[in-house]
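Take the sequence shown: its letter number 49 is residue 49 in the UniProt record's numbering, and every next letter is one higher. The next block holds one structure in the form of structure tokens; read it before the comments.
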Amino acid sequence: MSLAILKSNTQIAQRVFFLHEELMKLPSFPRKALECDFNLYSGTLGKEMLGMDTLHKMVWGKLVARMFEAMAGLFVHSSDIHLFLNVVNGALVLHPEDAMILRLCM
């Protein structure tokens, strides 16, 4: 839902600032965006769980990328930028074999 809101060009700066503030209030950000249990990937539903986790990481990556695109040159919270980059880097480290993740993160 957050990604869909950021796709609209009306009042994009206010929406990005609001989303940034809300993410910074969460004590679990960016840990929850990157959390995964590798034990779930083996077993009867292992491939499906891996696919869901990959999709989860890709949506987080798209959200962060859209925030950066919308705020090109106006990102004033430079002290928090490493938290958002951790989401992109973490998705790349956790799923380096997936072509879509590679394309998104590079």
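Ideal Cβ placement from N, Cα and C applies to all residues, glycine included. A quick note: this is a predicted structure, and the numbers were derived from the prediction, not measured.
At least 7 Å separates the beta-carbon of Val93 from that of Trp60. Non-local beta-carbon contacts of Met67 in its own chain, meaning distances under 8 Å to residues more than five positions away in sequence, involve Leu6, Val16, Leu19, His20, Phe84 in chain order. Straight-line measurement puts the Cα of Ala33 at about 21 Å from the Cα of Ser42.
Annotation for His95: no alpha helix (DSSP H) segment contains it, and DSSP assigns it neither H nor E. Spanning the alpha carbons of Met24 and Val64 requires a straight line of approximately 13 Å. The straight-line gap separating the alpha-carbon atoms of Asp80 and Leu45 is approximately 37 Å. Lys57 places its beta carbon less than 7 Å from that of Ala91.
Look at Gly73 here: in three-state DSSP terms it is coil, with no helix or strand label. Asn89 has its alpha-carbon roughly 14 Å from the corresponding atom of Glu97. For the options Gly73, Thr54, Leu104, Pro30, the alpha carbon positioned closest to that of Phe38 is the one of Thr54.
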